[in-house]
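Just so you know, we're using the numbering used here here: the sequence shown kicks off at 891 and counts up by one.
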Amino acid sequence: GNSFYTEDDVVVSSLRHVNCLENAKGNLIKAKRTSENKLSGEYIASDIRAAENSLLEIVGKIAPDDVLNSIFSKFCIGK
891 GNSFYTEDDV VVSSLRHVNC LENAKGNLIK AKRTSENKLS GEYIASDIRA AENSLLEIVG
951 KIAPDDVLNS IFSKFCIGK
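So this is what it looks like as structure tokens:
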């Protein structure tokens with residue numbers, strides 16, 4: 891039958907993951923422009939690192955402050 895999604899589609903169920911992917915994409919586009927403008931490799935590396943960090947947030951290797959705050963707000967620590 892007809893399906894709305896094809897096998898090539900990717901479905902992201904978490905808004906936080908969507909935001910991370912958009913941030914990573916934006917930083918990679920920025921790195922590409924930086925490279926095209928022949929700016930220092932340090933700037934390119936910085937943009938790529940920022941993209942990597944956004945992706946690492948998705949797999950749980952980096953916990954952004956808002957995630958940590960959300961986790962700790964559910965616990966009474968020291969009471």
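Even glycine gets a Cβ: it sits at the ideal position worked out from N, Cα and C.
What you are looking at is a predicted structure, and each value in this text was computed from that prediction instead of being measured.
State the Cα-Cα distance for the pair residue i and residue j, rounded to the nearest angstrom.
i           : j           : result
residue 946 : residue 933 : 20 angstroms
residue 910 : residue 898 : 20 angstroms
residue 923 : residue 904 : 29 angstroms
residue 977 : residue 900 : This structure leaves residue 977 out entirely; the chain is present only between 891 and 969.
Enumerate in chain order the residues of its own chain whose CB-to-CB distance from residue i is below 6 angstroms, with the five nearest sequence positions on each side excluded.
i           : result
residue 941 : 914, 917, 918
residue 921 : 934, 937, 938
By Cβ distance, which residues of its chain are closer than 7 angstroms to residue i, with the 5 residues on each side in sequence left out?
i           : result
residue 891 : Unreliable positioning characterises residue 891 in this predicted model, as indicated by a pLDDT of 49, which lies under 50. The coordinate reading is nonetheless provided below. Excluding residues within five positions, none has a Cβ falling inside 7 angstroms.
Confirm, please, whether the CB-CB distance from residue j to residue i is below 7 angstroms.
i           : j           : result
residue 952 : residue 907 : no
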